[in-house]
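Some notes on the structure that comes next.
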Amino acid sequence: SIVIGIFLGSRFNVDSNHNTRFRKFNKVNEVLNYIFEEYVDSVDKSALIEGSLVSLLKDLDPHSSYISTKDLRSLSEPLEGNFEGIGIEFNIIKDTIIVISPISGGPSEALGLEAGDRIIKIEQERVAGTGVTNKAVMNMLRGPKGTSVDISIKRRGTTAMIDYTIIRGEIPIYSVDIAYMINDSIGYIKINRFSAKTHEEFVSAFKSLPKRRLNGLVLDLRGNPGGYLSAAIAVADEFLDRDQLIVYTQGKAHPKTPYEATSSGLFKEGKIIVLIDEGSASASEIVAGAIQDNDRGIILGRRSFGKGLVQEQFVFPDGSAVRLTIARYYTPTGRCIQRPYDEGLESYYRDVYKRLGNDESAENDSSYFNDSLKFITPAGKTVYGGGGIKPDIHVSVDTVGQSIYLRRIVNRGLINQFAFDYADKNRKKLNTYRKVSDYDEGFSLTERELQSFYSYAMDKGVEKDERDIAVSAQLIEFRIKAYIARHIWNNDGFYPVIHHIDKTLQKAVEEMRDENYSIITDKLP
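When you line the sequence shown up against our numbering, it's residues 124 to 648, in that order.
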């Protein structure tokens, strides 16, 4: 492409017979070469070229970017659906690497590493009590498939260290966090990103739900930043009828390209509610827009991020890359998903944070939008453009139970740390609960245990505030309980418990009732 040629091509003479347009483009190379040859001091050529690429792209739009060789792999791995390493989820607690859980099917699980194991040494180098960082741990444990890494761990109940030599393998990065039945008839699936393997994971997750009982599905896309267009199309296809438009893309050099549903699909008739918020972007908005514009289900939550630009990636020989915006996404009714960005990057991203402090109640009034932003679905429902997906049912940020004390203990990670200690000390007792539902119904923290948490928080520098604790008591207790469950059953334990204090999900379950759902779908504006 021309973009690659500008920066990696050979130097052209400015007096050559190339056309004027190309000579103008070639100024960049001419200036760089002039600097390299004539500048008074020596310069880092690579840094100068990379800096010029960053500057060249940053003012085009918020999502066109240059990515260094070092960063490209870490950015690509979550979307490819796998990485190479030993296969553990870990956290650094009290300056010690703690195994939260070995990843299913990975080499660490096969060798017998357990949740709660403390990693003391990696390659004979002590890492406990040294101020090690998450990034440093990943650099030490990740590596090419087939290579080995030596670790030494301590396990509760044993005095001697246990040594392992682990052969690194290909480790899956899951994009579906959980699939379970909220009640007898409503299923729940949460997707955290749209990766190369998301559709495959989604199909497997959906099939794990009891088909005969499944009357409705809550698809949670909150906080999902997007990913691959193809993955979003494949997931949306599972809900729509043949030939229904899912999305189309269009750009200056790329003609309108529509993507339509096929005849096959897992859930083309049942009730569906899609949860979104200001963290739902790109591919998430494609799915939500397809459901909304085809009158297939209800969108509930808060207005989505508003990222509707298509990037194409050009990879350089050195492994770095340019991601260039080549088109825009449009929902089936023709809405542009992309938010305006003409006031600069700072304003673009600040808008999302501003929304967190507002309930956007004005947007519930159709007069808030001018006529050019109003679009009509096949069933006659009015939907709105202007950036992002506006939900059919708005649910404001839940402020009930919030306090300064709660914010402090959450921001410092104290709930998770306390929950880990509790789970680690009481693992045998907690494992007597055969199912998560048994734990959810049967376990509660005693008053003494709650007081021990407040003392723990004081030891970590958060003073006890009786008034704030009274306001936030329920949220604190459920959060501790949920994180204890995560340390025993991973996400399968965490979400069913934390959902007790998830007002948005509770609203979705309420609206899923037959009488409510019919009224909503029939009378949406």
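Beta carbons are placed, not taken as given, at the ideal position from N, Cα and C, and that holds for glycine. Fair warning: this is a prediction, and the values are worked out from it, not measured in the lab.
The alpha helix (DSSP H) enclosing residue i, as first and last residue numbers
i: Y618; result: N614 to I621
i: E207; result: Per DSSP, E207 belongs to no alpha helix (DSSP H); it is in the beta strand (DSSP E), N205 to G208.
i: M261; result: N257 to L264
i: Y189; result: That residue, Y189, is in no alpha helix (DSSP H); its beta strand (DSSP E) goes S188 to I190.
i: R550; result: R550 to L553
i: D561; result: V559 to G565
i: E383; result: That residue, E383, is in no alpha helix (DSSP H); its beta strand (DSSP E) goes H377 to E383.
i: K277; result: Per DSSP, K277 belongs to no alpha helix (DSSP H); it is in the beta strand (DSSP E), S271 to K277.
Contacting residues, own chain, Cβ-Cβ under 6 Å from residue i (five flanking each side not counted)
i: R609; result: G616 and F617
i: G536; result: none
i: R478; result: E401
i: A502; result: D418
i: S560; result: none
i: P619; result: V559 and D563
i: S595; result: G524, S526 and L529
i: T270; result: R291
Chain-order list of residues whose beta-carbon lies under 8 Å from that of residue i (same chain, five-residue window excluded)
i: K268; result: E207, R291, G292 and E293
i: L180; result: S187, S188, Y189, V445 and L447
i: E634; result: I396, I421, L423, I516, Y640 and I643
i: D366; result: E383 and A384
i: Y472; result: P185
i: S490; result: Reliability of the predicted coordinates at S490 is poor, the pLDDT of 48 falling under 50, and no value is obtained from them.
i: S124; result: With a pLDDT of only 28 at S124, under the threshold of 50, the placement of this residue in the model should not be trusted; the figure read from the coordinates follows. Correct list, in chain order: F437.
i: V632; result: I305, N306, I309 and V341
i: V358; result: I314, F317, T321, H322, F325 and V410
Nearest-angstrom beta carbon gap, residue j and residue i [assumed within contact, 8 Å]
i: T385; j: D184; result: T385 to D184, Cβ: 32 Å. No contact.
i: A580; j: I532; result: 5 Å
i: S443; j: L195; result: 6 Å
i: T192; j: D441; result: 6 Å
i: I603; j: L568; result: 6 Å
i: T500; j: T456; result: 6 Å
i: R458; j: F498; result: 5 Å
i: E203; j: A319; result: 5 Å
i: R265; j: D240; result: No, R265 and D240 are not in contact; Cβ-Cβ is about 18 Å, not under 8 Å.
Own chain, CB closer than 7 Å to residue i, minus 5 neighbours either side, in chain order
i: E161; result: none
i: I216; result: Q540 and F543
i: S231; result: I209, G210, I211, P225 and I289
i: I274; result: I242, K244, I245, Y287 and I289
i: Q629; result: none
i: E638; result: none
Distance CB(residue i)-CB(residue j) smaller than 9 Å
i: G280; j: T321; result: no
i: V518; j: L423; result: yes
i: I395; j: L340; result: yes
i: G374; j: R451; result: yes
i: S405; j: K430; result: yes
i: K168; j: F159; result: yes
i: N205; j: P295; result: yes
i: A413; j: L352; result: no
i: F390; j: E408; result: no
i: V410; j: A328; result: no
i: S308; j: N262; result: no
i: Y453; j: V520; result: no
i: L332; j: I312; result: yes
i: I301; j: V260; result: no
i: I512; j: I599; result: no
i: I399; j: R426; result: yes
i: A605; j: I621; result: yes
i: E237; j: V250; result: no
Residue i - partner residues in DSSP beta bridges
i: K394; result: G339
i: P104; result: It is not possible to answer for residue 104, since the shown part of the chain is limited to 124 through 648.
i: D625; result: Beta-bridge pairing links D625 to no other residue.
i: K217; result: Answer is none; K217 lacks a bridge partner.
i: G424; result: I399 and H517
i: P295; result: N205
i: L183; result: Answer by DSSP bridge pairing: none, since L183 is not bridged.
i: L432; result: R451
i: K313; result: I301 and D343
i: F541; result: Answer by DSSP bridge pairing: none, since F541 is not bridged.
i: E246; result: Per DSSP, none; premise fails for E246.
i: P225; result: I211
i: D588; result: For D588, which the question treats as bridged, DSSP gives no partner whatsoever.
i: R105; result: Nothing can be reported for residue 105: it is not among the residues displayed for the chain, which extend from 124 to 648.
i: K497; result: Y507
Residue i: CB within 8 Å of a non-hydrogen atom of the ligand ADP
i: V250; result: Annotation note on the ligand ADP: not contained in the displayed structure, which lists no ligands.
Endpoints, beta strand (DSSP E) assigned at residue i
i: T451; result: First, the amino acid is wrong: residue 451 is Arg here, not Thr. That run of the beta strand (DSSP E) goes A444 to Y453.
i: L368; result: L368 to G374
i: M304; result: V299 to M304
i: V506; result: T505 to Y507
i: I460; result: Segment: none, I460 is in no beta strand (DSSP E) and carries neither H nor E.
i: D286; result: I285 to I290
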